[in-house]
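Peer 1: Residue 47 in the numbering used here is what sits at position 20 of the sequence shown, and the numbering runs on without skipping anything. Virtual Cβ for every residue (Gly too), placed ideally from N, Cα, C. All figures in this text were calculated on a predicted structure; none of them were measured in a lab. Structure in structure tokens, see below.
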Amino acid sequence: MIEQWDYYKEQQGIELANRWRDAVADTVKSLLVFTERGARCRLPNKRLRRLRWIPVPHFPYRVFYLFDPDSRALLVVHLLHNKRDIADLLMEAVSEMDEDVSDPMKGEPGK
28 MIEQWDYYKE QQGIELANRW RDAVADTVKS LLVFTERGAR CRLPNKRLRR
78 LRWIPVPHFP YRVFYLFDPD SRALLVVHLL HNKRDIADLL MEAVSEMDED
128 VSDPMKGEPG K
């Protein structure tokens with residue numbers, strides 16, 4: 028997020044960079060009110076089907092997140108540009124989480 032803020036600042040100025048930062052923050056805050064508002068990922072890999080995503084208004088980005096209704100925990104997994112290889116980047120992020128815990132929402136040790 029910081030790298031993108033820096034990019035917007037260098038290319039278009041601090042006003043755009045701050046609008047982007049605020050749009051991302053507002054998007055994530057909105058999930059705290061209505062956690063299931065994001066669309067489910069419809070990717071072929073079963074491990075990614077629990078993920079949801081929500082667009083960042085006025086910017087070509089999506090916030091990808093997990094929500095556990097039992098614990099009411101919200102985990103932002105990635106913030107990605109719409110033109111990136113979303114499936115591969117999400118698989119990489121989920122694999123990294125698996126190294127630490129078997130279920131990133133429950134905090135259980137990896138097996």
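1. Can you give me the C-alpha to C-alpha distance between residue 119 and residue 45, rounded to a whole angstrom?
2. When you compare the region 59-75 with the region 32-50, are there three or more beta-carbon pairs, one atom per stretch, that lie closer than 8 Å?
3. State the CB to CB distance for the pair residue 62 and residue 117, rounded to an integer number of angstroms; the pair is presumed to be in contact (CB under 8 Å).
4. Which residues does DSSP pair with residue 29 in a beta bridge?
5. Tell me the DSSP secondary structure of residue 107 in three-state form.
Peer 2: Here's the rundown:
1. 29 Å
2. no
3. Wrong, their Cβ atoms sit about 19 Å apart, outside the cutoff.
4. Answer is none; residue 29 lacks a bridge partner.
5. strand
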